[in-house]
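Residue numbers (the numbering used here): 100 to 974.
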């Protein structure tokens with residue numbers, strides 16, 4: 100029994116000890132952060148235009164970063180960091196969709212530290228991380244040094260990045276809303292909204308983003324749009340439609356009459372209710388009524404000041420600034436109590452001052468940025484700008500924090516990381532309107548980076564570690580280019596030149612060593628490797644280290660051996676004149692590079708080459724007497740080159756035969772070539788006179804290129820001159836013919852593009868002087884009377900939004916009795932939209948065109964059938 104009690108007591112003591120270190124709360128802090136999105140930013144410019152025409156404009160998005168620390172065990176704490184989206188100020192509306200709703204973060208940068216007893220225990224390093232749905236950034240456990248801990252934190256940098264696909268999602272959501280506004284469900288929607296109005300209780304009257312007048316205007320516009328469609332459907336019963344309209348308008352009039360008596364007093368009545376709840380310390384209800392009061396009258400002074408004061412107490416300073424600045428913008432208001440504005444200024448100033456004293460310059464700078472914004476949006480001279488000196492001190496504190504991190508990276512030889520932090524420092528300076536080039540500290544840290552980087556790089560080079568030097572240099576070079584940080588190109592060019600030149604020299608030495616030791620097994624592979632290396636890096640390899648003759652001989656030697664084996668094994672064929680070329684090349688290499696003689700040249704010449712030469716000379720004689728100079732001249736030139744390449748001038752018998760053939764072919768062949776040139780010139784001259792310039796150019800360029808050592812011909816200059824003067828009209832005809840060909844194949848886009856190019860060339864180069872004709876686009880359409888040509892041209896101008904030109908083409912087609920009804924209808928619809936957007940008088944707009952019954956399709960689409968009918972009768 101006694102032992103049982105001991106066991107129970109021991110078990111209780113164990114449970115008590117374990118529970119003593121159950122999770123307990125140790126530290127918590129909430130950090131406010133705001134980001135501004137401006138219409139002046141290129142990436143958001145088009146997005147803002149979808150929502151408002153009041154540019155420039157901006158949106159301020161607010162977040163709160165939460166840091167929470169819990170004790171898990173004796174020397175163990177868990178850290179949880181997450182964020183929440185608070186609000187958006189500066190909304191711009193597209194019907195019921197706010198622009199602010201689209202801005203939610205996708206990625207985040209967050210740098211900072213957690214301290215215990217002034218000792219850094221956890222680095223917060225979140226670099227470009229994707230944000231997940233739970234919005235958690237850090238969830239981890241760390242070991243702490245002792246039991247009694249005084250926690251603190253320091254945040255250096257916070258930046259959110261938004262959705263890159265914002266524009267695509269924007270278009271999708273706007274399309275859905277447009278579809279909804281064009282749907283009959285509007286009637287049901289408006290009835291439900293109107294039924295929510297309790298006319299007997301002011302507290303229950305809601306304020307919507309649209310007023311009753313908005314509903315009435317929209318309903319009228321909707322009815323007008325639908326009425327024309329209803330008239331076109333003969334069997335439709337309109338009674339239900341008209342009943343819905345009358346019911347809706349009756350409800351609108353009833354509500355408008357009731358509210359007209361109460362709305363002028365609503366702002367004051369709601370403000371007084373808010374004051375009553377504030378006195379009862381029911382601040383939630385008080386804020387509700389202040390906001391309701393401002394819904395009815397956005398410039399109600401007492402409600403604005405009361406609500407602003409509440410936001411200040413809740414540390415929602417941006418909301419307070421928005422309310423107060425909007426109030427002071429209205430110069431017609433008489434504001435007697437300025438205490439709220441001055442109190443807000445002093446609160447922000449004190450917060451920043453205390454943060455600087457505690458060394459938290461980053462938070463101080465964010466607060467002072469908010470204060471600077473407040474100072475700028477208030478009237479000139481309203482505040483004494485005592486915050487500017489403090490802001491300078493905060494900026495320098497943040498800059499110094501960056502510099503410390505950069506120096507640490509340089510000290511650890513993390514040069515790429517140092518450059519990335521320098522980029523962040525540069526961006527921060529530019530954001531604060533400080534020019535980095537004018538900041539001594541910025542220039543000094545750049546000097547430290549270059550000094551340490553170059554010292555280490557050249558140390559690698561001295562140690563012949565060229566690969567390490569190249570890798571590090573390229574990393575730093577790419578980081579500098581990415582951060583758009585300027586530097587002298589010569590710095591990296593010199594490093595690359597030294598490294599690539601020495602690497603190339605090492606590879607070259609390796610190949611030459613292989614040659615000396617006759618290690619030919621992998622020689623071809625090494626030769627290809629050094630060739631590729633040289634091709635990729637030759638801009639950095641010094642010219643005096645390029646592939647020298649000794650090493651480049653290796654490739655030639657390989658081909659030389661192949662030629663030797665081919666010549667030695669060759670079986671004679673007296674019609675194979677290419678064999679002579681192979682012999683000439685092999686002989687040339689042997690003489691030029693002093694290779695060992697691999698064949699018995701005397702035997703090869705006498706028994707293989709000479710028979711081929713003699714057979715070739717006989718063939719040339721036959722061709723020459725038969726006037727087949729297109730065969731004789733090329734063969735003569737080939738044998739001549741081989742004759743001299745093989746140094747056969749000393750073979751008297753062969754030389755005699757060669758001179759005999761030369762005399763014959765030059766006496767008869769030169770006459771043949773002169774006749775060819777004369778016929779070519781006269782043929783080209785005739786084609787030029789017939790204005791067949793493209794054909795003229797073709798026969799001149801495709802003439803034979805036979806060459807003999809003849810006297811210069813008088814036709815050479817004439818043919819060259821003919822080609823010169825024919826160049827411009829030939830190019831025009833090429834464009835013009837290609838354009839007509841494309842049009843005939845129904846490729847209208849390419850065809851008319853080429854036609855416009857041809858006409859522009861025709862006009863600019865005065866091609867008409869050659870007797871050629873090219874009509875402009877309009878006259879071309881008249882001459883062709885082609886429906887498809889008219890239709891495409893009209894649609895082309897419509898796509899370019901050149902509606903006046905499209906109208907001219909449509910009128911021209913109708914005047915020629917060309918049927919373009921479909922195009923008329925499309926043009927009428929677009930022209931109606933254009934007139935509506937520009938708020939023009941439709942009748943004055945089409946008056947210059949003298950439209951008649953022939954243009955009924957256009958008028959029906961532009962004015963509507965009924966108005967078009969009246970227009971054609973009156974005009």
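Quick reminder that beta carbons are idealized off the backbone N, C-alpha and C, glycines included.
Under the DSSP assignment, residue 498 falls in the alpha helix (DSSP H) whose first and last residues are 486-510. When DSSP states are grouped into helix, strand and coil, residue 945 belongs to the helix group. Beta-bridge analysis with DSSP links residue 211 to 223, 254.
In the three-state reduction of the DSSP assignment, residue 662 falls in the helix class.
CA-CA distance, residue 164 to residue 405, rounds to 27 angstroms. Taken atom to atom, the span from the alpha-carbon of residue 882 to that of residue 820 is near 36 angstroms. Within the segment 703-768, the alpha helix (DSSP H) runs of at least 4 residues that lie entirely inside it are, in chain order, 709-724, 728-744. The beta carbon of residue 403 sits closer than 6 angstroms to those of 422, 426, all from its chain and outside the five residues before and after it, given in chain order.
Counting along the chain, residue 151 sits inside no beta strand (DSSP E), nor does DSSP assign it H or E at all. When C-alpha distances from residue 208 are compared across 254, 568, 393, 916, the shortest belongs to 254. Counting only runs of 4+ residues, the alpha helix (DSSP H) found wholly inside the segment 874-929 occupies 876-883, 886-898, 902-914, in chain order. In the structure shown, residue 447 adopts helical secondary structure according to DSSP, grouped into three states.
Between residue 545 and the set 584, 367, 902, the nearest pair of CA atoms involves 584.
Between residue 828 and residue 792, the C-beta gap is smaller than 8 angstroms, which places the two residues in contact. A straight line joining the alpha-carbon of residue 805 with that of residue 772 spans about 8 angstroms.
By the C-beta density criterion, residue 751 is exposed, having fewer than 16 other C-beta atoms within 10 angstroms. Secondary structure at residue 871: coil, using DSSP grouped into helix, strand and coil. Taking the C-beta atoms as reference points, residue 676 is found nearer than 8 angstroms to residue 711. Scanning 594, 548, 540, 542 for the CA closest to the CA of residue 566 turns up 594. Straight through space, the alpha carbons of residue 705 and residue 672 are spaced by roughly 14 angstroms. Out of 858, 811, 872, 889, the CA that lies nearest to the CA of residue 845 is found in 889. The straight-line gap separating the alpha-carbon atoms of residue 506 and residue 500 is approximately 10 angstroms. Burial is judged here by how many other beta carbons sit within 10 angstroms of a residue's own beta carbon; residue 534 has fewer than 16 and is exposed.
Collapsing the DSSP output to three states places residue 399 in coil.
C-alpha of residue 687 to C-alpha of residue 703: approximately 15 angstroms in a straight line.
At the C-beta level, residue 807 and residue 775 stay beyond 8 angstroms of one another.
In the three-state reduction of the DSSP assignment, residue 379 falls in the coil class, being assigned neither a helical nor a strand state.
The beta carbon of residue 484 sits closer than 8 angstroms to the beta carbons of 474 from its chain, once the five residues preceding and following it are set aside; these are given in chain order.
When the alpha-carbon of residue 729 is set against those of 768, 933, 699, the nearest one is in 768.
In summary, residue 916 is exposed, with fewer than 16 beta-carbon neighbours lying within 10 Å of its beta-carbon over all protein chains present.
Setting aside the 5 residues that flank it on each side, residue 760 is surrounded in the same chain by 716, 719, each with a C-beta closer than 6 angstroms to its C-beta; the list follows chain order. Excluding the 5 residues flanking it on each side, residue 748 has same chain C-beta neighbours closer than 7 angstroms at 754, in chain order. The DSSP-derived three-state label of residue 157 is strand.
Cβ-Cβ distances below 7 angstroms link residue 512 to 555 in the same chain, with the five nearest sequence neighbours on each side left out; the list follows chain order. Cβ neighbours of residue 933 within its own chain (closer than 7 angstroms, five residues either side excluded): 902. Contact between residue 847 and residue 887 holds: CB atoms are separated by about 7 angstroms, below the 8 angstroms threshold.
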